[in-house]
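J.: Chains as they are written, first to last, in the working numbering: chain A, 20 to 246; chain B, 51 to 356.
Heads up, the beta-carbon is just placed ideally off N, CA and C, and yes, glycines get one too.
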Amino acid sequence: MVRFENVGMRYGMGPEVLRDISFKLETGSISFLTGPSGAGKSSLLRLMYLAHRPSRGHITMFGEDVNVLPRAEMPPLRRRIGVVFQEFRLLDHMSALENVCLPLMVTGAPREGYLSDVRELLTWVGLGDRMNATPPTLSGGEKQRVAIARAVVAQPDLLLADEPTGNVDPELGIKLLRLFMELNRMGTTIMIATHDMALVDRAQDAMHMHIDQGQLSVVRMSEGALP
Amino acid sequence: MTRFFAYIRQFLDRLAAIRSAVVPPADGARWPLHLVIAVMCFLASIALGITLTVSNIAEEWSADLAGVITVQIKPREEMAMEDQIARALEIIEATPGIASAARVPATSAAELLEPWLGAVTLPEDIAVPQLIDVRLAPGGDPDLTALTQRLTNAVPGAEVDDHFRWKARLGAFAGSLEALAIAALFLIVAATVAIVVFATRAAMEANREIIEVLHLIGARDKFIAGEFQVQFLWVGLRAGLIGAVVAAVLLLSLTIFAGGRGEFFLPGLGVTWQTYPALLLVPLLAAGVSVMTARLTAMSVLGQRL
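Encoded structure:
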């Protein structure tokens, strides 16, 4: 599903923030990406959710060569990827419901066709009574769940989560991990970037990659039990 | 009738539902932008009003003068005035393409002189030129050069005025005013385009984060540009309507203060009632220009991003 081959990345004319990154994500897999702050986790995710092109090397996503993909052909690819951003990136002037509707709205799908599904999803993540609240009035945990609901509402093939438990208490962190596991069981390929080693240790069958100073190493291939 | 109003209401409701769903309106920049576009639309309305009025009146005047020529007989010693007129009428009526010819009565001639001489009765021994009003037959095309030649040969003091010079000067005057107004309209549209380009870029910069999120969740450029288009559609319509209404009120006030005949440009040259409905085109034009400009600007800005 995702293949990186000797990928390097730099911002503008700056130094290389990722060097010689090579890995492969199989369809239906779950993996963790750990590393200290500034190591390059978010930059690697930016490449994966097509916010940036690599400076060198090759990236293949869903069989498409990202290096040469025309920008007009990016949207269909991006619709197959759900992203939970580290800072949520919810639209503050829109309600939780409208935020979650966004990925479906941009496809031009008729609103009446998905509205009940979105309400159901929000209820499932425990926000049934907060659907009409705007992000500034939501707590960190609630925002996190809205961001997750937005990332999964279009049933993406690949889910990328950047520090999804960074703003929530450990108990909610475990609940969110269960949510990701559930999605993975339904066939979504998942990659979670985190500082939280306890979270990684709970998912023993997941692949674990570590990044430091822009270089990636595989710590563990998938095996073991689920939490 | 009730059904008609129900349709209108439905249409207005639908129109009101067309709004940007994703990009929030930029409150801070809202009223200055409305003000500038409203001023542009006010100027465009005035220019349009002048163009329509001038072309309308010029057409009316030309139509009044078409099919009519005037023969002026100046008093001469070698022939009595009555003989001059009789001879002239004889020649005119014998010319093919002439429907009728009649001497302008002395009272009418006195009315023509009244603006210069006042309401006085002229002594009968003062020789004043006499006029013959000649009507051309519909579709008739008399040889006016030959007629002029025959009249001047046979009737001393006869002069033919086919109003060509007056019509030509009137046409040139109307044409110049129209050209000026059209040039002003072009400049106003160009200035509006520049304003909307600037405002769209500012709105896109203010909503950079939203645009990036929309891109990352799979929105196409057309969708994002559409959001900005809708915003500028309403700005153009609202501001255009304000500008056109203010211009209409001003033109109407001038018309009323000028004695109800609207003759404030020149005598007989005022705003005609047909001009006012045409001013409704201005908000539509403003909305169209705003929407197209916002779309092209947004697409160009988005095209520079990944």
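1) How big is the Cα-Cα spacing for V171/A and H229/A?
2) Are the beta-carbon atoms of T250/B and F278/B separated by less than 9 Å?
3) Could you tell me the alpha carbon to alpha carbon distance between S303/B and A297/B, rounded to whole angstroms?
4) So R90/A contacts chain B; which residues on that side make the cut at Cβ distance below 7 Å?
5) Would you mind working out which of G47/A, R75/A, T53/A, E35/A sits nearest V26/A, comparing C-alpha positions?
6) Below 7 Å on C-beta distance, what does A269/B contact in chain A?
7) Can you list, in chain order, the residues of its chain whose CB lies under 6 Å from that of N106/B, leaving out five sequence neighbours each side?
8) Could you check if T157/B belongs to the surroundings of the ligand ATP, using beta carbon to heavy atom distance under 8 Å?
9) Considering F42/A, what are the terminal residues of the beta strand (DSSP E) in which it resides?
10) Using a C-beta to C-beta distance shorter than 7 Å, which residues of chain A count as neighbours of F273/B?
11) Please check if any C-beta of chain A sits within less than 9 Å of the C-beta of E259/B.
12) Taking the CB atoms as reference points, tell me whether A168/A and A222/A lie closer together than 9 Å.
13) May I ask which residues mark the beginning and end of the alpha helix (DSSP H) holding R204/A?
14) Alpha carbon to alpha carbon, what distance is there between F214/B and A113/B?
15) Would you say M90/B and A241/B are within 9 Å of each other, going by their C-beta atoms?
16) If you draw a straight line from the alpha carbon of M254/B to that of V299/B, how long is it in whole angstroms?
17) For chain C, check one thing: does any of its Cβ atoms lie closer than 9 Å to the Cβ of L134/A?
18) Please return the same chain residues whose Cβ sits closer than 8 Å to the Cβ of I119/B, not counting the five positions on each side in sequence.
19) How big is the Cα-Cα spacing for F92/B and P129/A?
20) In chain A, what lies closer than 9 Å to L363/B by C-beta?
21) If you draw a straight line from the alpha carbon of A233/B to that of P179/B, how long is it in whole angstroms?
22) Please check the pair A108/B and A229/B, which I expect to be a contact at CB under 8 Å, by giving their CB distance rounded to whole angstroms.
23) Taking all protein chains shown into account, do 16 or more other C-beta atoms lie within 10 angstroms of the C-beta of G312/B, making it buried, or fewer, making it exposed?
24) Smallest Cα separation from P146/B: which of E110/B, L197/B, A136/B?
25) Where does D148/A fall in DSSP's three states?
26) Alpha carbon to alpha carbon, how far is A94/B from L157/A? Give it in angstroms, no decimals.
27) Distance check for I176/B and L162/B, CA to CA, integer angstroms please.
28) Given C120/A, which residues of its chain have a CB within under 6 Å of its CB, disregarding the five upstream and five downstream residues?
29) What span of residues does the alpha helix (DSSP H) with M349/B cover, start to end?
30) Going straight from the alpha carbon of A218/B to that of W111/B, what length do you get?
T.: Put simply:
1) Near 25 Å, if we compare the C-alpha coordinates of H229/A and V171/A.
2) Yes; because the gap between Cβ atoms is below 9 Å, this pair is in contact.
3) A straight line joining the alpha-carbon of S303/B with that of A297/B spans about 10 Å.
4) Result: L356.
5) That would be R75/A, whose Cα lies nearest to the Cα of V26/A.
6) The answer, in chain order, is P94, V125.
7) Taking C-beta separations shorter than 6 Å and ignoring five residues to either side along the sequence, the partners of N106/B in its chain run T322, following chain order.
8) The ligand ATP is absent from the structure shown, which contains no ligands of any kind.
9) It spans 35 to 44 - the beta strand (DSSP E) in which F42/A sits, taken as one unbroken run.
10) By Cβ distance, chain A contributes V125.
11) Output row for E259/B: interface = yes.
12) Their beta carbons are not under 9 Å apart, which means A168/A does not touch A222/A by this criterion.
13) Note, R204/A: alpha helix (DSSP H), 189 to 204.
14) Going from the Cα of A113/B to the Cα of F214/B covers about 12 Å.
15) In this structure, M90/B sits near A241/B, with a CB-CB distance shorter than 9 Å.
16) Rounded to the nearest angstrom, the gap between the Cα atoms of M254/B and V299/B is 36 Å.
17) Protein chains in the displayed structure are A and B, and chain C is not among them.
18) Around I119/B, the same chain offers V184, L186, L194, V210, D211, D212, H213 as residues with beta carbons nearer than 8 Å, after the five sequence neighbours per side are excluded.
19) Straight-line measurement puts the Cα of P129/A at about 40 Å from the Cα of F92/B.
20) No information on residue 363/B is available, as it lies outside the stretch 51 to 356 that chain B covers here.
21) So the two alpha carbons sit approximately 45 Å from each other.
22) Contact between A108/B and A229/B fails: their C-beta atoms lie close to 13 Å from each other, not under 8 Å.
23) At G312/B the pLDDT is 49, less than 50, meaning the model places this residue with poor confidence and gives no usable figure here.
24) It is L197/B whose Cα lies nearest to the Cα of P146/B.
25) In the structure shown, D148/A adopts coil according to DSSP, grouped into three states.
26) Computed Cα separation, rounded: 48 Å.
27) So the two alpha carbons sit approximately 16 Å from each other.
28) Cβ-Cβ distances below 6 Å link C120/A to V137 in the same chain, with the five nearest sequence neighbours on each side left out; the list follows chain order.
29) Counted as a single uninterrupted DSSP element, the alpha helix (DSSP H) harbouring M349/B occupies residues 331 to 353.
30) Approximately 12 Å between the Cα atoms of the pair.
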